[in-house]
Structures are given as structure tokens and as C-alpha cells.
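Here's the structure, in C-alpha cells; my notes come after.
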Amino acid sequence: MDNPNLIDAIALIDEAIDDLRVREKVELDRQDKLSELQRDLTEQEQRQEQTAHDRTTALQAEVLELGRQKSALWSSRVPLVRNVKIGRDIKALKVRLEVEDNQRDDFDQLERVLLPHEKRREKIVKQRCAGLHAQILNLRRQETARQSNPTASVPDVGGSSLQCTYEELMSKVLSPIRVASPVRAGSDALLRSALASFSLDGPVFLHPAVVGDPLSAIRKLNLPLDGLLDEGRFDNLAASLLPAWVRAVGERSSITDTKSATALYGGADAVSSFRPVSLPWACNPELHVRSGVLHPGFNAEVKSIGSKHTWNELLTYVTMSMVDSLFTGTSLHRFYATPPVGYGLVCFPYCGYFVAVEWVGKLFATPFSQPFFLGSDQHKDALAALPDISYKEFVDLDSSKVEWDIRSSRKVSWATGPTELHTGQETLLCNQFVKVITCSAFDAFLQPAGFFRRLYRTYRTYRATWDEASDKGELHLVPEALVQANLWYGIFAVAVTMDFIVGREATSLQLQASSSADEQGVRAISKAVVWLARRGLIYYDLREPNIVVVADGSWRLVDYDDMVVVDPGTVTSVADMKQVLQDENARVPGVMAAFQGFPKLIQFIDDAFQDER
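Position 59 of the sequence shown, counting from 1, maps to 59 under UniProt numbering, and the rest follow consecutively.
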């Protein structure tokens, strides 16, 4: 996934094309209507016909150029680094064009022959419209040329042509994530698509618990009928049962007895995370409880029927509990080997169930148990079934000491050189390549939040193949071209790490096996692709940036983000791979093109399949 902005860049171009085509259809419809008239056109209709023709021609030219730009983007697979000035100039020209178009429309509405001075004015307006269209088209062509010959952008101040500091990333691309109080509706709520997903798709990494729901505990309260709808009557009951790793912080005497998150967790306004996050520490979590350090977070949301803030409040309180228990022990940016998890008890009058919250780039919230009545044995069983995960394996990243690639964005940032990672055992992982993918990456990819679900599954499967080889004592059989890679989980971001490979990017000529040495390298890559495919991982992004040629002449396959996971043993040929990728291409355009870019490489992959039979 060396081009993090690809999907978003394509979406922006498609959006622009769609807008132009809507306007084009208006003009084409006008032309069709005028052409159907069975008489000579009046002077007004002639003006309208000419306007429609001029606009259609200009709009079609811009659509065509945007199509070329889109093709260049697919071909290069490099993030489109837009020139800010070009974008600003296009926007300004379109504003001016709208003014001139409106004036031309005013002339077209006159149901009479234009007066001499009006004809002169109309001619000037037509010339200005044509000139503005030409300027816009010229700028579009400049954008296409930049995409066809992409280069790294250089920061306005500081840095170099290839790298930048974390401070520069902070000032230029890593805008802070702001979360408002959960009782305030608005765009800054935690439960928004950019940060979180609440769905019925099930958890990403946990396995749900299932329990029943008798009524005995509710009957013992002997409340009047209207009391069953009042959250104040069952607030304490919701707090009476807690997981073993969670402790109560004082007693809550009534529903008005509140405690802020700052008082409860000792939270600060700023949490140490790769992309800055500001959480609403002044809000009041439902339960006055606190999880043990390095254990899952826990809280609840008890509501009378009809509250519209329940899900957002629950998600916010559980998230702050997770931050407190998992991310407050270091000033560095922490990433865990296992996705951070928290649990929330959501209650409506006397009936509740648990929700699991998993942090895999975004927050994933999903129902985690069957409903139960509060205080029942089924409530206790569901509580006991909540997995207590001890988060002992993690890495801490000192982002300020990393030299980041200048092409890094708020979506993806990666190091240009070897990086050190701190571990929980006070040791260092040295010579590591680090790539950080934030929650902003691929917002429109396989919703809801499907990109991160897929990324988790891909790296879980990839790691399992290495673990299996290790358990069987067969690490020596793993193709040399493969590199162990791990996915780590932090606050609104994940990190990919692997050994830093010193070498250079393979060239297009080398991938065509133009020499005996290159053929040896291409066959090594082919062997690695087949080894993965037989184990259920279809590696398709076979382009130059993802293949590194080491100084000793050996080749390495890197960047394991873009693999399709299938059942092991179901893919035994290139034909099988193509069938899988054709299905994938319907969801992710460009997959087949990335796989079939070098026919000689595909032939060697087919040979490798044959050799293993």
C-alpha cells in the first residue's frame, strides 16, 4: 500500500467528472429540445443553441482530460500530490466562469433581437467564457502531466526533498482529532464514520458470548410500573456487577452524583498518540469504575427509553476507559500486538447487553452478548464471559526521532530509514521499517470501515503462516524473498513494522527478466507469491515499489497490506488467482491491472505452481 491516497484521489476525480456530466446533460437536453423544433429558430433560440454547443464542447474536453488524469493515476499508482496553487487557480477560474455564464444566460433570456450595444457585450462575454474554459483545461493538463511524472513534494520550510520531521508532519498534515462531549450532537461526536463504526457485523478479533435473560432480579425490586422506565431506579443495579479487573471508585449516591472523567481517570486534555487527540475529559461517565492497568476498559450507559445519545455516550465512556488503562503509561506513541478492547454495558429499563469496542485503526463497536435482565444469573454469566486480555506485548514509537518520508500524509506516514522501537521489556527493536496508517485512510473503502477489517485479517493470516512454519521447524522452507511483518494497534492508528531492507526499488526493465540475474530475482518473487497463495494469501500488487533489490543481488517482496485472504488450498494456479482477483476487482478497481503488469512475472508464477505439483 505504497500509495495511500489512491482510492481517495480516484474518488475526487470521479466526483468532478460526475459534476461536469450533470452540467453537460443539461446543455445536451437543451440542444435536443431545440433540434426537435420543426421551424426556423428565432434569434433568441439561435443564441441558446450556440451557448449549449459551446458549453458542451468545453465540458466534454474537461471530462476527457480528467479521464486521462484518472488513467495516469491508475498507471503510476503513486499518490497524487496536488499543487495547491493549481487547485486554487482552478477554483478561482470557475467562480469567474460562473459570473460570465450568468451574464450569457441573461442575454439568452431576452425574447427579442439584441440591440447593437448588447451584441457587442454578448460577444465579449462569449470570448471571456471561452478563455476561462481554456485556462481551466490548461491547468487540468498540468495536473495530468504532474501525475504522469510524479515527484516528491518539498515542504515550504525545513526538511529535505526526501524526508521530514514529525514536527513538520504535525504542522502540515496531522490535524488534531477533536471529540466533543457525548451529550452534544454534532460533527465532533466520537461515533462518526471517520473514527468509529457501530454495526451488526460482529467483532473484528473477539468471539461473542451468548447468555439468556430471566426476570427474577427485576421482580425483587418491587417497583411501580412507571419506575421501570426511569434510569434512576436501576442505575445502581447496573454498577453492582463488575469484571474481576474493574474496581469501583467511591459510591454513587444518586443519579445526580456525578464524577468527571478527569476526576475518575486523571485524564489530560492531550493523549500521547501519533495523530493528536483531544477527548472530552470534562464529561461524566455513567459508572464510577476504573480498569486495572493493561486490562480492557469498562463502563456503561443507562438510559430511559427515547434517548438519542446512548450509543455515542457509551462509546465515548468506554474509549476513555481504554485510554486510561492502556495508553497513559508512556509519553511515546504506543501500539499493541493485540487490538485494544473495551466493554460497555448498555441498559434500557432493566434490560441490557454488553457491547464490545475494538480499536483497529477506527473504533469498532458491536453487540457482544444476548440481552439479559440486570442482576440476573444471565447477567452474571455474560459478565464472566467477557475476555480479560493482558496487554503485555507492545512497542513504543518516539515519532520525534524518526525521519519521515516527505510524501507522508494524514492518512499514511512512513519512515525513510531504520527506526528503533521500545518494548515492554525495556529492550529495543532495532533496524525496523515503520509505517503508520491513521483512521483517515481509505474512508470510502469497503464501508463500514472495511479497510481496517481487511487489514487486520490480512496481517493475522500472514503472521499465522510464519508461526506455523516456526512451530513445524520449517522456517528454512519460507522463501527468502518474504519478510516477516507485524501489525500493531494504537489510538486511531495502526503501525506496520518489519526489518528495514536496504536496497533499491526494482525497475520495470528488471521485472521483465531482461537478464539472467533479473530472471533469477523474478523467479524468487514468483516462488514467494506461490508460497503465499497456497496458504490462502493472494499477493497481487506486483509493481516496482513493492520489490526491493538488495546489494547482494537477492530480491525481497515488501508491503503486505494489499493481499486477498482465501481458504488455504483453494488456489493452485494462476488461473485460480485471476478468478479471485476478478471478483476483488469489482470492489477495488485496479486489482487486475496491478497483478498483470508484467507478463513474464506471471509466466514464472505459473511455472512455480507447476514445479510444486
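Glycine is no exception: its CB is placed at the ideal position from the N, C-alpha and C atoms.
Quantities reported herein were computed from a predicted structural model and do not represent experimental measurements.
Endpoints, beta strand (DSSP E) assigned at residue i
i: residue 450; result: Residue 450 -> not in any beta strand (DSSP E); alpha helix (DSSP H) instead, spanning 450-471.
i: residue 353; result: 351-360
i: residue 301; result: 297-302
i: residue 419; result: 419-423
i: residue 439; result: First-last for residue 439: undefined, no H or E at that position.
i: residue 336; result: 333-336
i: residue 252; result: No beta strand (DSSP E) contains residue 252, which DSSP labels as neither H nor E.
i: residue 395; result: 394-397
i: residue 620; result: A question about residue 620 goes unanswered here, because the residues of the chain that appear run from 1 up to 613.
i: residue 483; result: Element bounds for residue 483: n/a, residue is neither H nor E.
For residue i, three-class secondary structure by DSSP
i: residue 239; result: helix
i: residue 207; result: coil
i: residue 643; result: Residue coverage of the chain in this structure runs from 1 to 613, which leaves residue 643 outside it and unanswerable.
i: residue 187; result: coil
i: residue 31; result: helix
i: residue 279; result: coil
i: residue 561; result: coil
i: residue 291; result: strand
i: residue 429; result: strand
i: residue 319; result: helix
i: residue 618; result: Past the edges of the chain, shown from 1 to 613, lies residue 618, and the structure says nothing about it.
i: residue 500; result: coil
i: residue 19; result: helix
i: residue 259; result: coil
i: residue 370; result: coil
i: residue 265; result: helix
i: residue 405; result: strand
i: residue 478; result: coil
i: residue 135; result: helix
i: residue 344; result: strand
i: residue 311; result: helix
i: residue 124; result: helix
i: residue 410; result: coil
i: residue 389; result: coil
i: residue 364; result: strand
i: residue 229; result: For residue 229, the pLDDT reaches just 44, beneath the cut-off of 50, and the residue's location in the model is therefore unreliable, leaving the point undetermined.
i: residue 180; result: coil
Rounded C-alpha distance that separates residue i from residue j
i: residue 276; j: residue 297; result: 21 Å
i: residue 471; j: residue 68; result: 51 Å
i: residue 543; j: residue 184; result: 47 Å
i: residue 392; j: residue 582; result: 41 Å
i: residue 182; j: residue 356; result: 18 Å
i: residue 94; j: residue 13; result: 16 Å
i: residue 532; j: residue 291; result: 40 Å
i: residue 18; j: residue 27; result: 15 Å
i: residue 538; j: residue 575; result: 12 Å
i: residue 626; j: residue 53; result: There is no way to answer for residue 626, as the model of the chain reaches only from 1 to 613.
i: residue 589; j: residue 116; result: 55 Å
i: residue 520; j: residue 130; result: 57 Å
i: residue 515; j: residue 554; result: 14 Å
i: residue 38; j: residue 32; result: 12 Å
i: residue 4; j: residue 371; result: Interpretation of residue 4 is limited by its pLDDT of 45, a score under 50 that renders its predicted location unreliable; no figure is taken from the coordinates.
i: residue 381; j: residue 349; result: 20 Å
Under 9 Å between C-beta atoms of residue i and residue j
i: residue 368; j: residue 242; result: no
i: residue 260; j: residue 299; result: no
i: residue 288; j: residue 249; result: yes
i: residue 413; j: residue 404; result: yes
i: residue 402; j: residue 496; result: no
i: residue 410; j: residue 175; result: yes
i: residue 310; j: residue 282; result: no
i: residue 530; j: residue 612; result: yes
i: residue 63; j: residue 30; result: no
i: residue 511; j: residue 598; result: yes
i: residue 580; j: residue 564; result: yes
i: residue 364; j: residue 490; result: no
Start and end residues, alpha helix (DSSP H) containing residue i
i: residue 604; result: 599-611
i: residue 521; result: 516-534
i: residue 195; result: No alpha helix (DSSP H) contains residue 195, which DSSP labels as neither H nor E.
i: residue 586; result: 574-587
i: residue 383; result: 377-384
i: residue 591; result: 591-595
i: residue 166; result: 166-172
i: residue 509; result: 508-511
Any non-hydrogen atom of the ligand SAH closer than 8 Å to residue i Cβ
i: residue 486; result: This structure lacks the ligand SAH, and indeed carries no ligand of any kind.
Does the pairing of the stretch 317-337 with the stretch 467-482 give three or more beta-carbon distances under 8 Å? no
Count Cβ pairs between the stretch 325-334 and the stretch 289-296 that sit closer than 8 Å; are there 3 or more? yes
Using a Cβ distance threshold of 8 Å, determine whether the stretch 169-177 contacts the stretch 332-343, with at least three qualifying pairs required. Too few Cβ pairs lie closer than 8 Å, so no.
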